[in-house]
Amino acid sequence: MKAVTGESSELKSSKLKPGVNRGLSIFDFILRLAAIVGALGSAIAMGTTTQTLPFATQFIQFRAEYNDLPMFTFFVVACAIVSGYLVLSLPLSIFHILRSRARATRVVLVFLDAGMMALLTSGASAAAAIVYLAHKGNGKTNWLAICQQFNSFCERTSGSLIGSFVAIVLLMIMIFLSGAALSRRR
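Those letters in the sequence shown? Residues 31 to 216, per my numbering, in order.
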């Protein structure tokens, strides 16, 4: 009698695993879509950031653009690469919904997600350092805070960073979800 009870509990747990993994895969797909919005929105917001200060003469103008600073250019490129990767990873995410027992492709996604998270984190960190200097300046090195003059420029770059950090957190959650789905199988 105990052997039958033990077998039936094993059958129940094996039937639950694909359903839970399918749910994790659906959640992973939704997170990928949200991360695409965050990363692509950040790239677009930063890539279109520019501001010109009006002065009395039209011959002397001060202009701030994202590509004036290499860190912002790196940030835009990193966000674009991560966005492209996330779009290309959507078919694999759909494959995991259909075949919740797929193991090898999920391992590949974990490694690629981790690499993309590292790339996006490095780009966002470099841009965050410059945005901090733009807001606060650095008196010891005579770097003046420019956000009093270039207010719109600073607001857009700060907003762009928020979107990228949201995408980083979503990538982190996706890695944990894939790890959880992998650990549920034997």
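Heads up, the beta-carbon is just placed ideally off N, CA and C, and yes, glycines get one too.
message = Along the chain, where does the alpha helix (DSSP H) containing Leu-207 start, and where does it finish?
response = Along the sequence shown, read from residue 1 onward, the residue named residue 207 stands at position 177. Element bounds for Leu-207: 181 to 213.
ask   = For Ala-73 versus Leu-200, is the C-beta spacing smaller than 7 Å?
value = In the sequence shown, residue 73 corresponds to position 43, counting from 1. In the sequence shown, residue 200 corresponds to position 170, counting from 1. No; because the gap between Cβ atoms is not below 7 Å, this pair is not in contact.
ask   = Going along the chain, which residues of its own chain have a beta-carbon closer than 6 Å to the beta-carbon of Phe-59, five neighbours each way excluded?
value = Within the sequence shown, numbered from 1, the residue matching residue 59 stands at position 29. Shown here for Phe-59: same chain residues with a beta carbon closer than 6 Å to its own, the five before and five after excluded, namely Ser-123 in chain order.
message = In the DSSP output, what is Asn-168 paired with across the bridge?
response = Here residue 168 is taken as the residue at index 138 of the sequence shown, counted from 1. Residue pairing for Asn-168: DSSP places it in a beta bridge opposite Trp-173.
query = Going by the CB atoms, is the gap between Gly-68 and Val-196 shorter than 7 Å?
reply = Residue mapping note: residue 196 aligns to position 166 of the sequence shown, counting from 1. Residue mapping note: residue 68 aligns to position 38 of the sequence shown, counting from 1. Contact flag set, yes.
Exposed unless 16 or more other CB atoms sit within 10 angstroms - verdict on Asn-217 = The question about residue 217 has no answer here: the residues shown for the chain are numbered 31 through 216.
Rounded straight-line distance, which links the Cα of Phe-206 to that of Arg-133 = What you label residue 133 is simply residue 103 of the sequence shown in a count that begins at 1. What you label residue 206 is simply residue 176 of the sequence shown in a count that begins at 1. Arg-133 and Phe-206: Cα-Cα distance of roughly 15 Å.
task = Kindly give me the distance between the Cβ atoms of Ser-130 and Ser-182, rounded to whole angstroms, as I take these residues to be in contact under 8 Å.
result = By one-based count along the sequence shown, residue 130 stands at place 100. By one-based count along the sequence shown, residue 182 stands at place 152. A Cβ-Cβ separation of about 47 Å leaves Ser-130 out of contact with Ser-182 under the 8 Å criterion.
key: For Tyr-96 and Gly-71, believed in contact at Cβ under 8 Å, the rounded distance   = Taking the sequence shown and counting its residues from 1, the one referred to as residue 71 is at position 41. Taking the sequence shown and counting its residues from 1, the one referred to as residue 96 is at position 66. In this structure Gly-71 is not in contact with Tyr-96, their Cβ atoms being roughly 14 Å apart against a cut-off of 8 Å.
message = Could you compute how far the alpha carbon of Lys-166 sits from the alpha carbon of Val-106?
response = In the sequence shown, the residue the question calls residue 166 occupies position 136. In the sequence shown, the residue the question calls residue 106 occupies position 76. Going by the C-alpha atoms only, they are around 23 Å apart.
query = Within the chosen definition, does the stretch 149 to 157 reach the stretch 100 to 115 through at least 3 CB pairs nearer than 8 Å?
reply = These segments touch.
query = Residues in its own chain within less than 8 Å of Ser-194 by CB, not counting five upstream and five downstream?
reply = By 1-based counting over the sequence shown, the position of residue 194 is 164. Spatial neighbours of Ser-194 in its own chain (CB-CB distance under 8 Å, excluding positions within 5 residues in sequence) are listed in chain order as Gly-68, Ala-69, Ser-72, Phe-105, Cys-109, Leu-150, Gly-153, Ala-154, Ala-157.
message = Just to confirm the assignment, what range does the alpha helix (DSSP H) spanning Ser-130 have?
response = Taking the sequence shown and counting its residues from 1, one reaches residue 130 at position 100. Element bounds for Ser-130: n/a, residue is neither H nor E.
inquiry  = Applying the 10 Å Cβ sphere with the 16-neighbour rule, what's the burial state of Leu-116?
reply    = On the sequence shown, position 86 is the one that residue 116 refers to. Its Cβ being crowded by 16 or more others within 10 Å, Leu-116 is buried.
ask   = With C-beta atoms as the reference, is Ser-208 less than 7 Å away from Leu-139?
value = By 1-based counting over the sequence shown, the position of residue 208 is 178. By 1-based counting over the sequence shown, the position of residue 139 is 109. Yes, the Cβ-Cβ distance between Ser-208 and Leu-139 is below 7 Å.
query = CB of Pro-121 to nearest heavy atom of the ligand ZN: below 6 Å?
reply = Ligands displayed in this structure: none; no statement on the ligand ZN is therefore possible.
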